[in-house]
Every structure is written in C-alpha cells, then in structure tokens.
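Residues in the sequence shown are numbered consecutively from 2, following this note's numbering. Notes to accompany the following structure.
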Amino acid sequence: MTNSPTISSLLTTQALAENGRSQLSVGLQLSNGQQFWANCVVVAAASRQEATASFDRAQAVETVQQRVRPLWQDQPATQFRPLAQQLAQLVVPFSYRQIVQPTPKPQLAPGTLSRRSLISGFMAEDAPLPEPSEELLIVERPLHPALQYGLTVVLLQAVAQVNKLSIAALVAKEYELALPETAVPLQIPLNDDAIQTAQTILTTDVAALGYTTGKNEYKAALGAKGERLQRHIRQIAAWLPTVADDFQPALHLDLGGSLGNLFENDSGKLLGALYGLEHAAKPYQLQVQNSAWLDGREAQLAHLRKLNSYLTMRQMTLKLVADAWVDSAADAKLFANPEICQMIHIELPRLGNLEAGITAVSHSLSQNQQVILSGETTPLTSHIGFVTRPTQLSGPPQLHYNVMQQLLAAVSHRGKRE
C-alpha cells in the first residue's frame, strides 16, 4: 500500500479502571495524526504469581519509550501480524526488590562457649538480631502480557483503520479466515439483569448460562459434600423452563477450584460430586470449569487427564473446561487435547498479545476442541470472537449481540455489492 501512514509515536498515560484503580493506557499515533488508545489490562494468572512476573507501571512506560517505540517507529501500519510477532519476541530487563532474611549464626554445641562469648560475657546475648535487608534484582523477560495486550490492541485498531477495514475483516484477512454469515453463540451470566436483557434472543443466540461460586467460604456455598450446590443446580434446572419456551442452554459452572478444596483434590471424590451435579442439571448440559486448581501446570494437566478418564469410564456427558494455567498460547496447545478436557477457556487479556490469543483459538478449534472466548467488555472482543468462531463467546449479551449483528449486516451488504 503506497504512501500508507506509518507509526510515528507511542504514548502512555494513566487511566482509571472500572474498579477505581489506576491503570496504564497506551496510545499509538500515526504519521497522519490519528491516535488509537487502549488499556493495559492486568489479569490474574496462575503462572504469574512470582515477583519476577509482576506488572510495574513505571517500568512499562520506560519499556514503551525505550524499547517498543524504536522497534515500531516509522514502520508502515499496514499489517498487524508482523509487528505483533516482533513484540512477542522482545525481551527486556525487569527489576524488582526482594527481602533477604539474615543468615542465622551457627549454633554451638550445648555446654560450649565461643572465644567471643568468653570475652564479651553475657551481654552478647542481648545484642539485637540483624534486620532483613532488601536487594535489587534484575531479570530478562518478555514484555508483561498486560503491556503486550494494550499495545497489540492499539496496533490492531490502527492497522484496521489504515486498511479501511473493520477489525473482524482485518483479522479474517491476515489469519486467512472466512467472514461468517452467522453470529457466535453467547455465554451470558446467570443473573436477572443478563437474562432480562437477552430475553428476546435466549432461544436463538444464547448457548450457555454462566454461574460462578465464590472461592472463599466454599463450604458454605457447596455444602459439606457438595449437596448445597447440587440443590441449587436442581433448582435452576427446574426454573429454566419458565424463562422461555424451548430454551435449552448449557449450564457453565466456574468453581474456582472450590470443589477440589472441599475434597482435597481427590479425583475419586470429585468424580462422585460431578456425577451428582450432572444429574442435578438434567436435562441441561453441564460445563464445569476449574473443579480443582492445582499448584502447577503439569499437575493441572495430570489431574484433568485422570478426571477425564473417570468421566469416560462412567459414560458421563459433563464437559470439563480447562482454564487454570491456560496463560499463554503454549499453554493452550497443551490443554487443547480431548484426553485432557472437552472445552478450553481462552481469555484474551490473560494471554496478552492478541496474536497469541487469536492463534490459540484457531489451534484449539483445529484440534476439534471446543472453545469459550472472553475478554474486555469492548467491541474488539466481539470482532475477534465473530471471526475466530469460538464455540461460545462469553460476556454481556447486549454488547456482543449488537456488534455481531452489525458485522453480519456489513457482510451481507458486501455480498450484495459483489
């Protein structure tokens, strides 16, 4: 594309998140003066609990100006993937402080005195213990996913604008995907507001209702053996026929590891609890996310594999949804395995770079793995979901439905012109 705008600058500023906390916002300015902005959304991830993986806003600003701006500046804003891939490969220094506990003095054998003790006498016993010290450490690491997310969002917006395409059309073009003629089925929260909003589209566009149990006080929420949750699911199954005729949604339970906590991650006991939940949900399909949350990715994979084999032996129809430890495209590839689970949840901001999120969805679907896609409450998530075709697009019904209807109208209009 001749005489196309180039990237002239990258900007940063402080923004206010919905929860009232401050967050970093990044901007991309083109040579024609157009600006595009996005927030760097920090999402909790199981694999990013260490100090070396934390997000430091001041260092992120410095990284944008000293490392990313020289990488992208004066590059034509005509293609998304090459620049997003450059960003994914970038490794930068990250500094953090660590508390170092004092090294304890070696203990003498009982009944012995050191030469210093003999000289200083018993007053030495009153000497204060050394205080913990703080040291500055520096590691090399890829850009934090929150920063990669914000930067690739503004990049995707800018490239779409330069190409005079919608974000959905640009993603379809660069990833060789077809522009669809139907909307993606929705997963919406199981609450009165969401169901009331989606009342007219429940039977046509809503595939699942999502319910999340609290991670705290899980015994009160689940019951001593999970019986309270079973009773609640049974009540939901009895109530659903009154919501709308012919409404047959799946019930999606995000347990946040609470069932595993209740049964100490015992696969046999978990199987029994899941069997009870499946029967309580009948005739509705049950999707269970994070029934247990293990301490590492490999442990999580092994747990799901074992639990899934139990479900197969019992001929259960419940679908296990992988979510915990799915924090990167590489993680998604490992979990996208029918021996591990039936569905995988991909959260765009958690994976960071949109290149990673889009390719993770495509790879999972290529492995015949069902995908639940979620992200920020913005049209961009709707656009990406519309064209990548996950099994379910999770989020507020009004936003996703309206955006996808607009995209369908545009596809239809384009088809008539051609």
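Just so it is clear, CB atoms sit at the ideal spot from N, CA and C, and this is done for glycine as well.
Could you tell me the alpha carbon to alpha carbon distance between residue i and residue j, rounded to whole angstroms?
i	j	result
L137	Q399	48 angstroms
Q102	A89	36 angstroms
Q286	C342	15 angstroms
L295	Q301	5 angstroms
Q76	R229	58 angstroms
Q60	K307	42 angstroms
G211	L254	6 angstroms
R70	L11	6 angstroms
T64	E177	32 angstroms
A47	T104	31 angstroms
R390	L256	25 angstroms
L275	L144	39 angstroms
T318	K283	10 angstroms
Q198	L252	Before going on, a small fix: residue 198 reads as Thr here, not Gln. Taking the straight line from one Cα to the other gives about 18 angstroms.
L321	S365	15 angstroms
A125	E132	Bear in mind that a pLDDT of 49 at A125, under 50, signals an unreliable position, so the number given afterwards is only what the model happens to contain. Each residue's Cα considered, the two are about 17 angstroms apart.
Q158	I168	7 angstroms
W73	I189	38 angstroms
R68	A45	25 angstroms
Q316	E340	14 angstroms
L335	G396	25 angstroms
G224	T204	32 angstroms
A170	S134	55 angstroms
Since residue i and residue j are thought to touch, with beta carbons under 8 angstroms apart, how far apart are those beta carbons, to the nearest angstrom?
i	j	result
I373	T360	About 17 angstroms; that fails the 8 angstroms criterion.
F324	Q290	Note that residue 324 is Asp in the sequence shown, not Phe. Going by Cβ atoms, the distance from D324 to Q290 rounds to 5 angstroms, so yes, they are a contact pair.
V412	S383	Their Cβ separation, rounded to whole angstroms, is 14 angstroms, which puts V412 and S383 out of contact at 8 angstroms.
Q86	E356	6 angstroms
V385	V172	Reading off the sequence shown, one finds Ile at residue 385, where the question assumed Val. Right, their Cβ atoms sit about 6 angstroms apart.
Q370	I347	10 angstroms between Cβ atoms; not a contact.
L409	G376	No, L409 and G376 are not in contact; Cβ-Cβ is about 20 angstroms, not under 8 angstroms.
Y219	N262	6 angstroms
F95	R49	Rounded, the Cβ-Cβ distance is 12 angstroms, inconsistent with contact.
G269	A293	Incorrect: roughly 12 angstroms between the Cβ atoms, too far for contact.
What's the call for residue i, buried or exposed, on a 16-neighbour Cβ count within 10 Å?
i	result
E19	exposed
L17	exposed
G21	exposed
D267	exposed
A52	exposed
M314	exposed
V388	buried
N33	exposed
E175	buried
N297	Before going further, note that residue 297 is Gly rather than Asn in the sequence given. Label assigned to G297: exposed.
V160	buried
D206	buried
Q231	buried
I8	buried
T183	exposed
Q139	The amino acid occupying residue 139 in the given sequence is Ile; Gln does not appear at that position. With fewer than 16 Cβ atoms within 10 Å of its Cβ, I139 is classed as exposed.
V92	exposed
T201	exposed
I422	A question about residue 422 goes unanswered here, because the residues of the chain that appear run from 2 up to 419.
A330	buried
P380	buried
T14	exposed
Taking 7 angstroms as the CB-CB cut-off, is residue i touching chain B?
i	result
L178	Of the protein chains in the structure, only one exists, and it is not chain B.
Indicate whether residue i and residue j have their beta-carbon atoms separated by less than 7 angstroms.
i	j	result
A147	V62	no
V155	V27	yes
A209	P250	yes
R58	L25	yes
I234	L278	yes
R351	D328	yes
Q368	A337	yes
S23	T79	no
L187	L394	yes
G358	Q149	no
A54	G151	no
A222	T214	yes
With respect to the alpha helix (DSSP H) encompassing residue i, which residues constitute its N-terminal and C-terminal limits?
i	result
F387	380–389
Y311	298–314
E348	Here E348 belongs to no alpha helix (DSSP H); instead the beta strand (DSSP E) covers 344–348.
Q231	228–240
V289	Careful: V289 lies outside any alpha helix (DSSP H), inside the beta strand (DSSP E) at 287–290.
N192	Note, N192: premise wrong, no alpha helix (DSSP H); not H, not E.
Between which two residues does the beta strand (DSSP E) carrying residue i extend?
i	result
H145	Looking at the DSSP string, H145 is not in any beta strand (DSSP E), and its letter there is neither H nor E.
E19	That residue, E19, is in no beta strand (DSSP E); it is neither H nor E in DSSP.
S375	371–375
Y438	Not covered by the structure: residue 438. The range shown for the chain is 2 to 419.
K174	Per DSSP, K174 belongs to no beta strand (DSSP E); it is in the alpha helix (DSSP H), 168–175.
A209	207–213
D255	251–255
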